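Participant: Letter by letter, the sequence shown follows residues 16 to 80 of my numbering.
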Amino acid sequence: ITTEIERRRLKGVIHYTQSFCFRQIEDMIIRRMLNIPVLSLEGDRPGRLDARTKIRIDAFLEMLS
16 ITTEIERRRL KGVIHYTQSF CFRQIEDMII RRMLNIPVLS LEGDRPGRLD ARTKIRIDAF
76 LEMLS
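1. For residue 54, name the three-state secondary structure that DSSP assigns.
2. Please report the Cβ distance between residue 62 and residue 33, rounded to the nearest whole angstrom; I am assuming they are in contact, meaning their Cβ atoms lie under 8 Å.
3. Relative to the C-alpha of residue 80, which candidate in 19, 21, 56 and 27 has its C-alpha closest?
4. So, helix, strand or coil for residue 16, using DSSP?
5. Out of curiosity, what's the CA-to-CA distance linking residue 20 and residue 29?
6. Since I believe residue 35 is in contact with residue 54 (beta carbons under 8 Å), could you give me their beta-carbon distance rounded to a whole number of angstroms?
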């Protein structure tokens, strides 16, 4: 992951996990290892995003710009 972050010059990462399968330790490890902003999202089905998730993504993207 770190190689691709450098190659693509990413400013941040959105970490999406399936609901009820998420372990907080994974999020902590990802945040420490990447050294760039990480937005963690959890969902339970494909399809449209709810309003809260859209707001979180918009705020994250605004922070990165």
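Where is the CB? At the ideal position from N, CA and C, for every residue including glycine.
If you're wondering where the values come from, they're calculated on a predicted model, not measured in any experiment.
Facilitator: Taking the structure as given:
1. The residue labelled residue 54 in the question sits at position 39 within the sequence shown. Residue 54 falls in the strand class under three-state DSSP.
2. Here residue 62 corresponds to residue number 47 of the sequence shown, with the count starting at 1. Here residue 33 corresponds to residue number 18 of the sequence shown, with the count starting at 1. Contact doesn't hold; Cβ gap of about 14 Å is too wide.
3. Taking the first residue of the sequence shown as position 1, residue 80 is located at position 65. Residue 80 has its Cα closest to that of 27, out of 19, 21, 56 and 27.
4. Here residue 16 corresponds to residue number 1 of the sequence shown, with the count starting at 1. Note: residue 16 maps to coil in three-state DSSP.
5. Position 5 of the sequence shown holds residue 20. Position 14 of the sequence shown holds residue 29. Rounded to whole angstroms, residue 20 to residue 29 spans 12 Å at the Cα level.
6. In the sequence shown, counting from the first residue as 1, residue 54 sits at position 39. In the sequence shown, counting from the first residue as 1, residue 35 sits at position 20. Between residue 35 and residue 54 the Cβ distance is about 19 Å, and since that is not below 8 Å, they are no contact.
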